[in-house]
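Read through the structure below, which is laid out as structure tokens, and then see the notes.
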Amino acid sequence: FQPAEERGRAIAIDGQGTRWDLRGRAVEGPLAGAELRRIPHFNKVFWFSWAFFHPETILVADLEADRDHRRETMKGDSENIR
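Taking my numbering, the leading residue of the sequence shown gets 1160, the next gets one more, and so forth.
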């Protein structure tokens, strides 16, 4: 992802030219209409937005409580789009 330079709905553009809005929806490009899967978290900030602006963030999970969730999120980026 790269920041979108011009004003408008998109905040980021991926490597394939798809433009994404703040809610994780593809507004233009090859994946137009797709939506990033939201990952549960402890606050109201969407993880994909946080990760975009803070790529150095490291998550540490309770291994017992998050085993199934981690398995789901480790499947790959293509499965994070619905």
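We put the beta carbon where it would ideally sit given N, CA and C, even for glycine.
Quick caveat, the model's predicted, so the values are computed rather than measured.
Residues near residue i by beta carbon distance below 7 Å, same chain, minus five either side
i, result
"A1210", "T1216"
Counted within 10 angstroms of its Cβ, other Cβ atoms place residue i as buried (16 or more) or exposed
i, result
"G1192", "exposed"
"G1174", "exposed"
"L1218", "exposed"
Nearest residue (CA-CA) to residue i, options the options
i, options, result
"G1176", "G1183, R1182 and L1190", "L1190"
Residues of its chain near residue i, where Cβ-Cβ distance is below 6 Å and the 5 sequence neighbours each way are ignored
i, result
"E1187", "R1178"
"L1181", "I1170"
"S1208", "none"
Span separating the alpha-carbon of residue i from that of residue j
i, j, result
"A1185", "I1172", "9 Å"
"V1194", "G1183", "For the sequence presented, residue 1194 should be read as Glu rather than Val. Distance between the alpha carbons of E1194 and G1183: 6 Å."
Residue i (DSSP reduced to helix, strand or coil)
i, result
"A1185", "strand"
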